[in-house]
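> Just dropping this structure here.
There are 2 protein chains.
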Amino acid sequence: MRLMRTTALVALVAAGIGFAGAAIAQDKTYTIGVSVPTADHGWTGGIDYFAQQETDRLSKLYPNVKFVVAQAPDSTKQAADLEDMVTTRNIDALVILPGDPDAMTASIKKVKDAGKWVTIVDRQLSQPGIPDLYVAGDNPGLGATTAAYFKQAMPNGGNIVVLRGLPIPIDKQRVDAFMDAIKGTNIKVLDSQFANWNRDDGYKVMQDMLTKYNNIDAVWCQDDDTLVGVLKALKEAGKDNSIWAVGGAGMNQIVKMVESGSKEVPVDVSYNPNMIATALDLTTLHFVNGNQVDGNFIINSSLITKDNAQQFDYPNTPF
Amino acid sequence: MRLMRTTALVALVAAGIGFAGAAIAQDKTYTIGVSVPTADHGWTGGIDYFAQQETDRLSKLYPNVKFVVAQAPDSTKQAADLEDMVTTRNIDALVILPGDPDAMTASIKKVKDAGKWVTIVDRQLSQPGIPDLYVAGDNPGLGATTAAYFKQAMPNGGNIVVLRGLPIPIDKQRVDAFMDAIKGTNIKVLDSQFANWNRDDGYKVMQDMLTKYNNIDAVWCQDDDTLVGVLKALKEAGKDNSIWAVGGAGMNQIVKMVESGSKEVPVDVSYNPNMIATALDLTTLHFVNGNQVDGNFIINSSLITKDNAQQFDYPNTPF
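If you read the protein sequences in the order shown, they are chains A and B. Our numbering numbers the first residue of the first sequence as 1 and each following residue consecutively. Our numbering numbers the first residue of the second sequence as 1 and each following residue consecutively.
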């Protein structure tokens, strides 16, 4: 009898099912579909990493929850993944970061119309009212916080160039808030081009701008991947000591530059890809613990300076 | 050797420490202080219940996290609880529903200034910028959603009375949004009085209004506890068949009335006290799992109708 009991415990533990998990596990099992873009820059690489890490953690913690994770390089594949999750995997909920939210809106609405819980991460759909839960960074805040720094760093004004992201709503929210906040100052935007939150595009667009303008004081490129490309272009043009630049997201190598007191990259603004872990946690809690979590969770976009950079310098981060 | 291993496992399981929990437990331990008002109405009773239930669940799930829970009947006691949590219990974080947010702002700011993480639930402080995380229902949404129902139910207008909550910001957010939404309609507010989200006050204020006005068509009292008092006053005055009333929060007995097709209580609006469980979950995840959760989580205030009431009818709820 004693042997039987201990053997059963060993089996339980070997299966990754512990007392804590088992104690709250219910009879019903749940399947959560997770759909993310294939990494096209460092930030989406962070998204994929945290999605994998958190689904691993949660499926150990809550043995009655299973996750189906799919990565998609484009909207055609992402739409097909959703179709598969509903028709053959029978998901109860979808947690999705739509690569192109406009193109994905109809597919996501179908999942919602099929009676599934829908959690959207980061990128707003082109039609309101679809998600049960929306988790994102503060995009207007990212623009406003950055603009406040530019105003402080350029009290008498100056000439800047703006490298935008992808032409989707969160880029517009960031840029509108930035432009609104510098209104009435002597900060002049010489030029503004899309660089798609991409390292190579950041490099090319910055090279082009350096050719066109010889009076650039500073760069706002809204994203740390783009910033890596911008810094390369500045270095090659011998401008890395005269032009400073601000990205965004809190990429570890950029946070470390800020932490070290870089003059070229004086600050950063947080927009951490681990937001997908929080989206997965909240969605899971809804099913296993009955939390009412339909709503909007907007995570702060905070200014990262030399003084506080240490708290944004995450060890073992992939991003 | 084998015996030793299984014995150790039995001990581990007996202590409520399972594989799942142990696998992610870190060396560092954390103490989270939880400060809530002593139940003064059904909704705060729900808050106390969920705070207790969730701290029990989380301390089993994450053995390296301890919770110190204190209930306070007034601001003097709640301020003393905070002082104790910082100076003698050495908390890493505070999760608080401030009974009177104006009176508690200075005490909460002290906790923040001492370098502790601060999560505020439900009620906004009188000074901005203090909390790391704010978790609340959608208060303007509660007013706007209710007003949309009144407009639909009274297409030609009518006479209503408004019973307000406590004179704190979330009451003003609800009432401002309601008044804004009925602007330009023929819905006339005959009178508006504070009933403090309280059953007895709801009863007394409604009795008073029934004495003053004989032409009331409907009541908006914003809270299901107040509504219970209002319904009692209507019944005693023989008006329970001629005046309808809408509260708010999703109290189970009210949801059941809506579900059964009541003409007197046709709808309700959700504002579930289990938001404190979500606040505790997010705060805990910040420490045990590194989630960046500083921000604002606003949970939807949804219209509860006969058609969807079933999904708001939580079994075993204390509220």
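Quick reminder that beta carbons are idealized off the backbone N, C-alpha and C, glycines included. Note that this is a predicted model, so its numbers are computed, not measured.
Curious, which full-length beta strand (DSSP E) runs of at least 3 residues does the region 140-200 of chain A contain?
Runs of the beta strand (DSSP E) inside the region 140-200 of chain A: 158-164, 187-194.
> By the 10 Å Cβ neighbour count, where 16 or more other Cβ atoms means buried, how is glycine 21 of chain A classified, buried or exposed?
Here the model assigns glycine 21 of chain A a pLDDT of 30, short of 50, so the residue's position is not dependable, and the following value carries that caveat. By the 10 Å Cβ count, glycine 21 of chain A comes out buried.
> Just by C-beta distance, which residues in the region 82-93 of chain A are closer than 7 Å to chain B?
Those residues of the region 82-93 of chain A that come within reach of chain B (Cβ to Cβ, closer than 7 Å) do not exist; the list is empty.
> Would you check if the distance between the CB atom of aspartate 100 of chain A and the CB atom of valine 118 of chain A is smaller than 9 Å?
Against a cut-off of 9 Å, the Cβ pair of valine 118 of chain A and aspartate 100 of chain A comes out as no contact.
> Touching or not, the region 141-151 of chain A and the region 198-215 of chain A, by the rule of three or more beta carbon pairs under 8 Å?
Judged by Cβ distances under 8 Å, the region 141-151 of chain A makes no contact with the region 198-215 of chain A, as fewer than three pairs qualify.
> Within a Cβ cutoff of 7 Å, which residues of the same chain sit near aspartate 48 of chain A, ignoring the five residues on either side of it in sequence?
For aspartate 48 of chain A, where only same-chain residues beyond five positions count, the Cβ hits under 7 Å are Val36, Ala39, Gln71.
> Report all residues from its chain with a CB closer than 7 Å to the CB of alanine 114 of chain A; omit the five preceding and five following residues, and keep chain order.
Val86.
> Quick one: residues in its chain with C-beta nearer than 7 Å to the C-beta of methionine 257 of chain B, no 5 flanking neighbours on either side, listed in chain order?
Val265.
> Under the three-state reduction of DSSP, which class applies to proline 37 of chain B: helix, strand or coil?
Three-state result, proline 37 of chain B: strand.
> Among B/Ile304, B/Asp294, B/Asn198, whose alpha-carbon lies nearest the alpha-carbon of serine 302 of chain A?
The option with the nearest alpha carbon to serine 302 of chain A is B/Asp294.
> Please give me, in chain order, every unbroken run of the beta strand (DSSP E) with length at least 3 that falls completely inside the region 241-275 of chain A.
Counting only runs of 3 or more, we get 244-246.
> Any C-beta of chain B sitting closer than 9 Å to the C-beta of tyrosine 314 of chain A?
Closer than 9 Å to some Cβ of chain B, the Cβ of tyrosine 314 of chain A qualifies, so yes.
> Tell me the rounded alpha-carbon separation between leucine 163 of chain B and threonine 105 of chain B.
Answer to the nearest angstrom: the Cα atoms are 26 Å apart.
> On the premise that alanine 279 of chain A lies in contact with valine 69 of chain A, defined as a C-beta separation below 8 Å, what is that separation, rounded to the nearest angstrom?
Rounded, the Cβ-Cβ distance is 13 Å, inconsistent with contact.
> Less than 9 Å between the C-beta atoms of arginine 89 of chain B and glycine 141 of chain B, yes or no?
Their beta carbons are not under 9 Å apart, which means arginine 89 of chain B does not touch glycine 141 of chain B by this criterion.
> Could you name the residues of the region 295-311 of chain B whose beta carbon sits closer than 8 Å to any beta carbon of chain A, in the order they occur along the chain?
So the close ones are Gly295, Asn296, Phe297, Ile298, Ile299, Asn300, Ser302.
> Would you report the Cα separation of leucine 166 of chain A and lysine 172 of chain A, rounded to the nearest angstrom?
Answer to the nearest angstrom: the Cα atoms are 9 Å apart.
> Cα separation between asparagine 241 of chain A and glutamine 311 of chain A?
Approximately 27 Å, taken between the alpha carbons.
> If contact means a Cβ-Cβ distance below 8 Å, which residues of the region 261-280 of chain B contact chain A?
Cβ contacts with chain A: Ser270, Asn272, Asn274, Met275, Ala277, Thr278.
> Does the ligand NAP have a heavy atom nearer than 8 Å to the CB of valine 65 of chain A?
Looking for the ligand NAP in the displayed structure turns up nothing, as the structure carries no ligands at all.
> In chain order, what residues of the region 32-61 of chain A put their CB closer than 9 Å to some CB of chain B?
Within the region 32-61 of chain A, the qualifying residues are Glu54, Arg57, Lys60, Leu61.
> Pull up the distance between the alpha-carbon of methionine 179 of chain A and that of isoleucine 299 of chain A, whole angstroms please.
Methionine 179 of chain A and isoleucine 299 of chain A: Cα-Cα distance of roughly 22 Å.
> Return helix, strand or coil for threonine 44 of chain B, following the three-state DSSP convention.
In this structure, threonine 44 of chain B counts as helix in the three-state DSSP scheme.
> Tell me the DSSP bridge mates of valine 228 of chain A?
None, per the DSSP bridge assignment.
> Nearest-angstrom Cα distance between asparagine 198 of chain B and asparagine 64 of chain A?
The straight-line gap from Cα to Cα measures roughly 40 Å.
> Less than 9 Å separating the beta-carbons of aspartate 223 of chain B and alanine 181 of chain B?
Cβ distance not < 9 Å, so aspartate 223 of chain B and alanine 181 of chain B don't count as in contact.
> Three-state secondary structure (DSSP) at glycine 137 of chain B?
If DSSP states are grouped into helix, strand and coil, glycine 137 of chain B belongs with the strands.
> Asparagine 316 of chain A to asparagine 291 of chain B, Cα distance in whole Å?
Roughly 14 Å separates the two Cα atoms.
> Any residues in the region 233-254 of chain B with a beta carbon nearer than 9 Å to a beta carbon of chain A? Which ones, in chain order?
The residues in question are Gly250.
> Tell me, please, whether the CB atom of phenylalanine 292 of chain A is closer than 9 Å to any CB atom in chain B?
Reading off the sequence shown, one finds glutamine at residue 292 of chain A, where the question assumed phenylalanine. Chain B, which has a Cβ nearer than 9 Å to the Cβ of glutamine 292 of chain A, makes this yes.
> Would the region 49-58 of chain B count as touching the region 272-287 of chain B if we require 3 or more Cβ pairs under 8 Å?
Enough Cβ pairs lie closer than 8 Å, so yes.
> Could you work out which residues of chain B lie near aspartate 138 of chain A, taking near to mean beta carbons separated by less than 8 Å?
Simply Gly295.
> Would you list the residues sitting across from glutamine 71 of chain A in a DSSP beta bridge?
DSSP output for glutamine 71 of chain A lists A/Val36 as bridge partner(s).
> Enumerate in chain order the residues of its own chain whose CB-to-CB distance from leucine 97 of chain A is below 7 Å, with the five nearest sequence positions on each side excluded.
Same-chain partners within the cutoff: Val36, Pro37, Ile47, Val121, Asp122, Arg123, Ile276.
> Just the Cα atoms here: how many angstroms apart are aspartate 191 of chain A and threonine 44 of chain A?
Distance between the alpha carbons of aspartate 191 of chain A and threonine 44 of chain A is about 27 Å.
> How long is the line joining the alpha carbons of aspartate 225 of chain A and serine 260 of chain B, rounded to whole angstroms?
For aspartate 225 of chain A and serine 260 of chain B, the distance between alpha carbons rounds to 56 Å.
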